[in-house]
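Enquirer: First, the structure itself, so that you have it in front of you.
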Amino acid sequence: MSHQELKTSPVSSCSRVVTDLNMANPGKTKRVRTIFTAEQLERLEGEFARTQYMVGPERLYLAHSLRLTEAQVKVWFQNRRIKWRKVHHEQQTQRVNELRQRSLSSLEDDDCKEPEPGEW
Numbered sequence: 001m002s003h004q005e006l007k008t009s010p011v012s013s014c015s016r017v018v019t020d021l022n023m024a025n026p027g028k029t030k031r032v033r034t035i036f037t038a039e040q041l042e043r044l045e046g047e048f049a050r051t052q053y054m055v056g057p058e059r060l061y062l063a064h065s066l067r068l069t070e071a072q073v074k075v076w077f078q079n080r081r082i083k084w085r086k087v088h089h090e091q092q093t094q095r096v097n098e099l100r101q102r103s104l105s106s107l108e109d110d111d112c113k114e115p116e117p118g119e120w
């Protein structure tokens, strides 16, 4: 095998580790992004909807049933929680901005009104 060739070994049915045998970095491994199947994602999303934290025997069982490593399931849940927080934060910010806009519009409308008799 020449130094240009790549050696791969299966980690799961959906990902692999690639070892670059380049002379500049002998033995250095690079983790390739895991590509989850639609079925795996459906199951992971369902479990996330049930609980945002998957630990211990529950995570081990899920990983085994999906033919993934426990580390892959752990990282998926970490990344999914980050995505959830980001989306949740954006929604909250949007709601606050909408409320501010309504409040400002309401104040502007009140400033433009002629006072009713007896409101002076």
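Mapping of the sequence shown onto UniProt numbering: position 54 corresponds to residue 54, and the numbering continues sequentially without gaps.
Quick reminder that beta carbons are idealized off the backbone N, C-alpha and C, glycines included.
Under the three-state reduction of DSSP, which class applies to lysine 74: helix, strand or coil?
Expert: In the structure shown, lysine 74 adopts helical secondary structure according to DSSP, grouped into three states.
Enquirer: Please determine if the segment 24-40 and the segment 51-63 are in contact, where contact requires at least 3 C-beta pairs separated by less than 8 Å.
Expert: At 8 Å Cβ cutoff, the stretches do not touch.
Enquirer: Please state the DSSP three-state secondary structure of threonine 93.
Expert: Under the three-state reduction of DSSP, threonine 93 is assigned to helix.
Enquirer: For leucine 101, name the three-state secondary structure that DSSP assigns.
Expert: Residue 101 is actually glutamine in this sequence, not leucine. Note: glutamine 101 maps to helix in three-state DSSP.
Enquirer: Tell me the DSSP secondary structure of threonine 68 in three-state form.
Expert: Just to set this straight, residue 68 is leucine in the shown sequence, not threonine. In the structure shown, leucine 68 sits in coil (DSSP, three-state: anything other than H, G, I, E or B).
Enquirer: According to DSSP, is glutamine 52 part of a helix, a strand, or is it coil?
Expert: coil
Enquirer: Assign glutamate 5 to buried or exposed, taking buried as 16 or more other Cβ atoms, counted over all protein chains shown, within 10 Å of its Cβ.
Expert: Confidence at glutamate 5 is low in this model, with a pLDDT of 37, below 50, so its placement is unreliable and the value that follows should be read with caution. In this structure glutamate 5 is exposed. Its beta-carbon is surrounded by fewer than 16 other beta-carbon atoms within 10 angstroms.
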